[in-house]
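The opening residue of the sequence shown carries number 11 in our numbering; numbering runs sequentially from there.
Yeah, the Cβ is synthetic: ideal placement off N, Cα and C, and Gly gets one too.
Notes to accompany the following structure.
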Amino acid sequence: MNIFETDKTYVASTYARFPIQIVSGKGALVYDEAGKEYIDLGTGIAVNTFGVSDNEWVAAVTEQLHKIQHTSNLYYAEPCAKLAEQLCLRTGLKKVFFSNSGAEANECAIKAARKYAAEHKGEGAHTILTLCNSFHGRTITTLSATGQDVFHRLFQPMTPGFVHAPANDLDAVRKIADETELAAIMFEIVQGEGGVNPLTREFVSGLAELAKEKDILLIADEVQCGNGRTGMLYGYMNYGIVPDVVTTAKGIGGGLPIGVTMLGERVENIFAPGDNGSTFGGNPVACAGALNILSRLDDALLSGVKERSEMIFSALNGAPGILSVTGMGLMIGVETEKPAADVITACRDAGVLVLKAKNKIRLLPPLNIPKDQLARALEIIRAACA
Ligand SMILES: Cc1ncc(COP(=O)(O)O)c(C=O)c1O
Numbered sequence: 011m012n013i014f015e016t017d018k019t020y021v022a023s024t025y026a027r028f029p030i031q032i033v034s035g036k037g038a039l040v041y042d043e044a045g046k047e048y049i050d051l052g053t054g055i056a057v058n059t060f061g062v063s064d065n066e067w068v069a070a071v072t073e074q075l076h077k078i079q080h081t082s083n084l085y086y087a088e089p090c091a092k093l094a095e096q097l098c099l100r101t102g103l104k105k106v107f108f109s110n111s112g113a114e115a116n117e118c119a120i121k122a123a124r125k126y127a128a129e130h131k132g133e134g135a136h137t138i139l140t141l142c143n144s145f146h147g148r149t150i151t152t153l154s155a156t157g158q159d160v161f162h163r164l165f166q167p168m169t170p171g172f173v174h175a176p177a178n179d180l181d182a183v184r185k186i187a188d189e190t191e192l193a194a195i196m197f198e199i200v201q202g203e204g205g206v207n208p209l210t211r212e213f214v215s216g217l218a219e220l221a222k223e224k225d226i227l228l229i230a231d232e233v234q235c236g237n238g239r240t241g242m243l244y245g246y247m248n249y250g251i252v253p254d255v256v257t258t259a260k261g262i263g264g265g266l267p268i269g270v271t272m273l274g275e276r277v278e279n280i281f282a283p284g285d286n287g288s289t290f291g292g293n294p295v296a297c298a299g300a301l302n303i304l305s306r307l308d309d310a311l312l313s314g315v316k317e318r319s320e321m322i323f324s325a326l327n328g329a330p331g332i333l334s335v336t337g338m339g340l341m342i343g344v345e346t347e348k349p350a351a352d353v354i355t356a357c358r359d360a361g362v363l364v365l366k367a368k369n370k371i372r373l374l375p376p377l378n379i380p381k382d383q384l385a386r387a388l389e390i391i392r393a394a395c396a
C-alpha cells in the first residue's frame, strides 16, 4: 500500500485530506513526496508562525530536548514559568494555565468562568453566551460553545449552559443578558472557521460595556487570530478592550501542541490545586519553542505583518473573479465567483497552498513570508480566481 492507501485504511476517516503528502520545507516553501514545491499560505492552519523548519525555533526546541523532554506538573520547570511570565508581561494578564490544544484552553476558560460566576453570582449563573458562526473546538463542551448547529447534530446531548447570539448584534446580546444571568461572553475577534469575519468595533465596545455593567466575564478566543496574526500581539488589542480571559494555542507553539489560558485580575486566583490539570500541559519542549516564538513577535515583526496584509488586500480587492476580501493582518478570507474548492485546487496545481473557511478561501501565511514569495503566490491566486 502507498501512504494514501495506508492512511485511508487505518486512520479514522474524520478528515477530507487533499491528495498530497507534505514531507519537508523551509520557511514558506514546502515540498510534497514527488519534490513539487508549494508556497504555503496555510501554515498548518495558523500554527507554523515562522514557516517550516525555522532555524531559531528548531534550535530552541532541540536545545531543550537535549536537556529534558518532560517532567510532569509535579515539579517546577523553567520554560513553563518563563513563558507564563512573558505572556503576562506582554498582555497585562495575571496568570496562565497551560494545556495542549485550543479546545482545552477554552475548556479551562469555561471552568474559570463557571467557578467565578458560582462564587460571585450563585450556582444558577453558569450560562455562557457565544456568537453564531463561531468555532471554539471539538470537545463536547467546546462544540456546545460553538455557534454552528451543523457541529451539534450528531453528538447530542450537548453540554448545557450555552446560548448563541448573532455576531455584531448588540441588541440581541443585551436581550439575552437581560433575560439570563450570564457568567461570560466568549468570542473570536476575527471568526476564523466561520469565514474570516472581524467583529465590528461598536459591537466589541458594546460587549465590554455590558460586561462591566452586569459583572459578566469577557473571554477572547485567540486560538486562531492571536500571536501576531492580526498585526497586533493579540487580536483584541486592535479594539482597545481588555478581556478577563484570553485563550490561545496554534501559532504560539510554532508547530508543537500547546494550549494557553491567560487569566486576568478578576479570575487570577480562581483556581486552587486540583481544579484543573494536564499531563502534558506546560511541556518544557513546547514551552521552549513558544518562548522563542513570543520573543520574536515584536514591533518590527508586527509592522511587517501589516505591510504584507496591505500587499494582499491591494492585490486581491476588486480583482477579476473576487467578490470580497475580509480579515485583518495575515488572516484573510477571499470570497470568489468560482466555488472555493475549485480555486483551492487550481492554486495547489499551480504551486500555492490555501485553505477554506465556509465559502471562502482563507489565507494564513507565515508572518515573515518573504515578500517576493507572497507576490508570486498572489499572482497565482488572482489567475485561479479570474
Ligand atoms: C478560534 C478557535 N478556537 C478553538 C479551536 C480549537 O483548537 P484545537 O484544534 O487546537 O483544539 C480552533 C481551531 O481551529 C479555533 O480556530
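ask   = Should Gln158 be listed as close to ligand 1, given that the test is whether its C-beta is under 7 Å from any heavy atom?
value = As a first step, residue 158 is located in the sequence shown; it is residue number 148 there, counting from the start. Outside the cutoff, so no.
ask   = What is the rounded straight-line gap between the Cα of Arg27 and the Cα of Gly261?
value = As a first step, residue 27 must be located in the sequence shown, where it is residue number 17. As a first step, residue 261 must be located in the sequence shown, where it is residue number 251. Their backbone Cα atoms lie some 21 Å apart in a straight line.
Through-space distance from Leu75 to Glu43, alpha-carbon basis = Numbered from its first residue, the sequence shown carries residue 43 at position 33. Numbered from its first residue, the sequence shown carries residue 75 at position 65. Each residue's alpha carbon lies about 28 Å from the other.
task = Just confirm the distance between the C-beta atoms of Thr137 and Glu191, as a whole number of angstroms; I'd bet it's less than 8 Å.
result = Numbered from its first residue, the sequence shown carries residue 137 at position 127. Numbered from its first residue, the sequence shown carries residue 191 at position 181. The pair is a contact, with the Cβ atoms about 7 Å apart (cut-off 8 Å).
request  = Measure from the alpha carbon of Gly204 to the alpha carbon of each residue in Met11, Glu345, Gln96, then state which is nearest.
outcome  = Counted from its first residue, the sequence shown places residue 204 at position 194. Gly204 has its Cα closest to that of Glu345, out of Met11, Glu345, Gln96.
key: Assumed close pair Gly274, Leu103 - CB separation to whole angstroms, cut-off 8 Å   = Along the sequence shown, read from residue 1 onward, the residue named residue 274 stands at position 264. Along the sequence shown, read from residue 1 onward, the residue named residue 103 stands at position 93. Yes, they are in contact, since the Cβ atoms of Gly274 and Leu103 sit about 5 Å apart, within 8 Å.
key: Length-filtered (4 minimum) alpha helix (DSSP H) runs lying within the stretch 179–256   = 180–189, 211–224
request  = Please find out if some non-hydrogen atom of ligand 1 comes closer than 7 Å to the beta-carbon of Glu203.
outcome  = Here residue 203 refers to the residue found at position 193 of the sequence shown. Checking the Cβ of Glu203 against ligand 1 gives yes.
Ala113 Cβ short of 7 Å to ligand 1 heavy atom set = For the purposes of this step, residue 113 is taken as the residue at position 103 of the sequence shown. Yes, the Cβ of Ala113 comes within 7 Å of a heavy atom of ligand 1.
ask   = Since Ala175 sits in a beta bridge, which residues does DSSP pair it with?
value = Residue 175 sits at position 165 when you count from the first residue of the sequence shown. Answer is Leu141, bridged to Ala175.
query = When we look at the beta-carbon of Arg163 and count the other beta-carbons within 10 Å, is it buried (16 or more) or exposed?
reply = The residue labelled residue 163 in the question sits at position 153 within the sequence shown. Per the 10 Å Cβ criterion, exposed.
inquiry  = Using the three-state DSSP reduction, which class does Asp50 fall into: helix, strand or coil?
reply    = The residue you call residue 50 lines up with position 40 of the sequence shown. Strand.
inquiry  = Here's a check: name, in chain order, each residue in its chain whose Cβ is nearer than 6 Å to the Cβ of Phe290, leaving out the five neighbours to either side.
reply    = Stepping through the sequence shown from its first residue, residue 290 is reached at position 280. Counting only Cβ-Cβ distances below 6 Å, and skipping sequence neighbours, we find Asn110.
request  = Alpha carbon to alpha carbon, how far is Val206 from Asp254? Give it in angstroms, no decimals.
outcome  = Residue 254 sits at position 244 when you count from the first residue of the sequence shown. Residue 206 sits at position 196 when you count from the first residue of the sequence shown. Their Cα atoms are separated by approximately 24 Å.
query = Apart from the five residues on each side of it in sequence, which residues of its chain come closer than 6 Å, Cβ to Cβ, to Ile379?
reply = Position 369 of the sequence shown holds residue 379. Excluding residues within five positions, the ones whose Cβ falls inside 6 Å are Ala38.
Of the residues Gln158, Ile120, Val270, Leu388, the one placed nearest Ile332, counting alpha carbons only = For the purposes of this step, residue 332 is taken as the residue at position 322 of the sequence shown. When each option's Cα is compared against that of Ile332, the closest is Leu388.
Helix, strand or coil at Thr336 [DSSP, three-state] = The residue labelled residue 336 in the question sits at position 326 within the sequence shown. Strand.
key: Test item: CB-CB of Asn248 and Phe213 under 8 Å   = On the sequence shown, position 238 is the one that residue 248 refers to. On the sequence shown, position 203 is the one that residue 213 refers to. Not a contact, by the Cβ cut-off of 8 Å.
message = Given this structure, state the Cα-to-Cα distance separating Gly45 from Gly299, to the nearest angstrom.
response = Along the sequence shown, one-based indexing puts residue 45 at 35. Along the sequence shown, one-based indexing puts residue 299 at 289. Cα to Cα, the separation comes out at about 28 Å.
ask   = Asn286 and Lys121 look like a contact to me (Cβ under 8 Å); what is the Cβ gap, rounded to whole Å?
value = For this step, residue 286 is matched to residue 276 along the sequence shown. For this step, residue 121 is matched to residue 111 along the sequence shown. The Cβ separation is near 6 Å, so the contact holds.
query = What number of angstroms, rounded off, separates the C-alpha of Val400 from the C-alpha of Pro167?
reply = The question about residue 400 has no answer, for the chain in this structure spans 11 to 396.
message = Please classify Glu117 as buried or exposed, where buried requires at least 16 other C-beta atoms within 10 Å of its C-beta.
response = Numbered from its first residue, the sequence shown carries residue 117 at position 107. Buried: at least 16 other Cβ atoms inside 10 Å.
message = Any heavy atom of ligand 1 inside 7 Å of the beta-carbon of Phe14?
response = Here residue 14 corresponds to residue number 4 of the sequence shown, with the count starting at 1. Result no, Cβ not under 7 Å from ligand 1.
ask   = Under a three-way DSSP split, which group does Met168 fall into?
value = Numbered from its first residue, the sequence shown carries residue 168 at position 158. In the structure shown, Met168 sits in coil (DSSP, three-state: anything other than H, G, I, E or B).
query = So which of Leu153, Leu97, Glu133 has the shortest CA-CA distance to Glu114?
reply = Taking the sequence shown and counting its residues from 1, the one referred to as residue 114 is at position 104. Nearest option by C-alpha distance: Leu153.
key: Pairwise C-alpha distance: Glu15 and Ala123   = Walking along the sequence shown from the start, residue 123 turns up at place 113. Walking along the sequence shown from the start, residue 15 turns up at place 5. Answer to the nearest angstrom: the Cα atoms are 45 Å apart.
8 Å Cβ shell around Ala351 - same chain, five flanking residues per side excluded = Against the sequence shown, residue 351 aligns to sequence position 341. Only Lys366 meet the Cβ criterion.
request  = At 4 residues or longer, and completely inside the stretch 292–323: list those alpha helix (DSSP H) runs for me, N to C.
outcome  = 294–306
inquiry  = I need the DSSP call for Gly35, collapsed to helix, strand or coil.
reply    = In the sequence shown, counting from the first residue as 1, residue 35 sits at position 25. DSSP places Gly35 in strand when its eight states are reduced to three.
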